[in-house]
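FYI, in the working numbering the residues of the sequence shown are 73 to 144. Report on one structure; see the data block that follows.
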Amino acid sequence: MDDILKKYNCLSNNEKIEFIKKIIPSLEELIKEDKEQLVVEFYPILNTILEKYGLNIQDIMFMLQMFSNKQQ
73 MDDILKKYNC
83 LSNNEKIEFI
93 KKIIPSLEEL
103 IKEDKEQLVV
113 EFYPILNTIL
123 EKYGLNIQDI
133 MFMLQMFSNK
143 QQ
């Protein structure tokens, strides 16, 4: 896992954005399969990060929905 993180950190901002766009479908599948566990693990972390930038979970869910609609 550390190797993946190191490689990610070496990417440019545009490459990081493209990477995130490519993993969103996998994330959506994981959410469908094990939503409760993901919420328990990630909600506190995500909420803290989002608050730093003036966003909330609803904003992110809206963005994911918009992205998902574009993919169809």
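C-beta: ideal position from N, C-alpha, C; glycine also.
State the start and end residues of the unbroken alpha helix (DSSP H) segment that holds S98. Judged by DSSP secondary structure, S98 falls within the alpha helix (DSSP H) whose first and last residues are 85–124.
Based on Cα-Cα distance, which residue from I96, L110, I103, L127 lies nearest to K142? Ranking I96, L110, I103, L127 by CA distance to the CA of K142 puts I96 first.
Within a Cβ cutoff of 8 Å, which residues of the same chain sit near L83, ignoring the five residues on either side of it in sequence? So the qualifying residues of the chain are F91.
Rounding to the nearest angstrom, what Cα-Cα distance links I132 and I103 in this structure? Looking at the backbone, the Cα of I132 and that of I103 are separated by about 14 Å.
Rounded C-beta distance between L136 and I129? I'm assuming under 8 Å. With 8 Å as the limit, L136 and I129 do not qualify as a contact, their Cβ atoms being about 10 Å apart.
Could you pull the start and end residues of the alpha helix (DSSP H) that N81 belongs to? Looking at the DSSP string, the run of the alpha helix (DSSP H) that includes N81 is 74–81.
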